[in-house]
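Asker: Numbering (the working numbering), first residue to last: 209 to 476. Ideal Cβ placement from N, Cα and C applies to all residues, glycine included. Pasting in a structure now, in structure tokens, and then I'll have a few things to ask.
Below, the structure is given as structure tokens:
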């Protein structure tokens, strides 16, 4: 029981519980921040930090997506970034889709545990959807210059109902609370996602066959005609899925091409 007149602090995330339950070595919790990825990139350049390092925020004011995109965030959303050490051979741009897809599979696994009876899929290269509505975005960034480290940003719509979102987002996105009708323990959600990321990164490190099968089976673009913008060029083809290297496979006539980056401009 609190003393009369004493204000009881609202606990949104419990860092001690998260650290006990996961592989996180160090962590920062911010009430408000511009972008957890920005802060994580600052930390990634410091050689003496212990990784995995978690930067998590109750409110993110200027979250970033891929390219010029911004991530809408409201109180109740889960926004965090991980600083991870990388093997020197895994720092090329062709590796980035694998890290994003590995994280996306882990998020799908966690959401299906927390939202029973629902399934979630991967929109290449870095989004998680429920049916045709986005629920999670992922942003991998390489720390340059500095030690070979990856910053992995994750934003999940959790207790932030999309009924409060800007009008253009309401039909395009959803949240855990919109799917379940009840609030979720955010410390538990973050811990579940982090344990999944740890397990799936271990699968990636040993080149497990099961992991590529998981992201390919969850590929929401398969069977659609996709237009991909890459380096100022537009490519349109029939999507045959995501290959084991993380590339999006598009077929145009007799030609099959693999893409490791780009922006999905249209889906038919």
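Do you know whose CA, among 260, 458, 267 and 321, lies nearest residue 360's CA?
Answerer: Ranking the options by Cα distance to residue 360, first place goes to 260.
Asker: In the structure shown, what three-state DSSP assignment does residue 453 receive?
Answerer: coil
Asker: Along the chain, where does the beta strand (DSSP E) that runs through residue 289 open and close?
Answerer: 286-293
Asker: Alpha carbon to alpha carbon, what distance is there between residue 447 and residue 455?
Answerer: 11 Å
Asker: In three-state DSSP terms, what is residue 221?
Answerer: If DSSP states are grouped into helix, strand and coil, residue 221 belongs with coil.
Asker: Give a yes or no on contact between the stretch 340-355 and the stretch 404-421, applying the rule of three or more CB pairs nearer than 8 Å.
Answerer: no
Asker: Short check: CB of residue 245 to CB of residue 289, under 7 Å?
Answerer: yes
Asker: Leaving aside the five residues before and after residue 453 along the sequence, list all residues of the same chain whose C-beta is less than 6 Å from its C-beta, in chain order.
Answerer: For residue 453, there are no CB contacts under 6 Å within the same chain when 5 residues up- and downstream are skipped.
Asker: Following the continuous alpha helix (DSSP H) through residue 396, name the residue where it begins and the one where it ends.
Answerer: 394-413
Asker: Mapping the DSSP letters down to three states, classify residue 236 as helix, strand or coil.
Answerer: If DSSP states are grouped into helix, strand and coil, residue 236 belongs with the strands.
Asker: Hey, is the stretch 374-381 in contact with the stretch 409-425, meaning 3+ C-beta pairs nearer than 8 Å?
Answerer: no
Asker: Taking only the alpha-carbon atoms, compute the straight-line gap between residue 445 and residue 309 and give it to the nearest angstrom.
Answerer: 21 Å
Asker: Which partner residues of residue 446 appear in the DSSP bridge assignment?
Answerer: 433 and 459
Asker: Can you give the Cα-Cα distance for residue 347 and residue 362, rounded to whole angstroms?
Answerer: 7 Å
Asker: If you draw a straight line from the alpha carbon of residue 476 to that of residue 255, how long is it in whole angstroms?
Answerer: So the alpha carbons of these two residues sit roughly 46 Å apart.
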